[in-house]
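Participant:
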Amino acid sequence: MSRNTKINGLLLLLVAALAVLPLALGLGDHKEEPFTGADAEAETAITEIEPDYEPWFSPLYEPPSGEIESALFALQAALGAGVLAYYFGLRRGRRQGEERAAARAEGGVTVPDTDKDA
Numbered sequence: 073m074s075r076n077t078k079i080n081g082l083l084l085l086l087v088a089a090l091a092v093l094p095l096a097l098g099l100g101d102h103k104e105e106p107f108t109g110a111d112a113e114a115e116t117a118i119t120e121i122e123p124d125y126e127p128w129f130s131p132l133y134e135p136p137s138g139e140i141e142s143a144l145f146a147l148q149a150a151l152g153a154g155v156l157a158y159y160f161g162l163r164r165g166r167r168q169g170e171e172r173a174a175a176r177a178e179g180g181v182t183v184p185d186t187d188k189d190a
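Each residue of the sequence shown is one higher than the one before, counting from 73 in this note's numbering.
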C-alpha cells in the first residue's frame, strides 16, 4: 500500500469519525433541537441577552419553507464542491503536462501529438 493511499484512508476515517462521534457520544441530547444551525443558535443567544432586540436588516430572499432552505444550502455546497474539484483537477492536469514536457525535453524524444485533427 502506497503512502498516499494510507494518508487518504486515514483522512477518510477522520472525517467519518467527525461525523459519527457527536451522534455516538450523545452530544446535544439535552437540547430540544440538538443540531441546529449557527443562525438559530445566534438568534437564541441574542434573544436571551436582549429580548427586545429588533434586527436592523432583513435577508434579500427568505425561502418559503425549511425544506427549500435546506435544498438551496445543499445546492450551494454541491456547487462549491464542483468548483473545488475542477480547480484541483486543473492543477493536477497542468502538473502532469509539465512533467511530460520536461520528460520529453530531457530525453530529446518527440512524441506524436494525438490531438490533431485528421
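Note that CB positions come from ideal geometry on N, CA and C, so glycine has one too. Since the model is a prediction, treat every value here as computed from it, not as a measurement.
Please find out if some non-hydrogen atom of the ligand PLP comes closer than 7 Å to the beta-carbon of Thr77.
Facilitator: Absence of the ligand PLP is noted for the structure shown, with no ligands found whatsoever.
Participant: Can you tell me whether DSSP reads Gly109 as helix, strand or coil?
Facilitator: If DSSP states are grouped into helix, strand and coil, Gly109 belongs with coil.
Participant: Using the three-state DSSP reduction, which class does Ser130 fall into: helix, strand or coil?
Facilitator: Correct three-state label for Ser130: coil.
Participant: Cα separation between Glu178 and Gly152?
Facilitator: Distance between the alpha carbons of Glu178 and Gly152: 39 Å.
Participant: Grab the span of the alpha helix (DSSP H) containing Leu90 for me, first residue to last.
Facilitator: Residues 75-96.
Participant: Rounded to whole angstroms, how far is the Cβ of Gly100 from the Cβ of Phe107, which I believe are closer than 8 Å?
Facilitator: That pair is a contact at about 6 Å.
Participant: Roughly how many angstroms separate the alpha carbons of Glu171 and Arg163, rounded to a whole number?
Facilitator: Going from the Cα of Glu171 to the Cα of Arg163 covers about 12 Å.
Participant: Helix, strand or coil for Tyr158? Go by DSSP, reduced to three states.
Facilitator: Tyr158 falls in the helix class under three-state DSSP.
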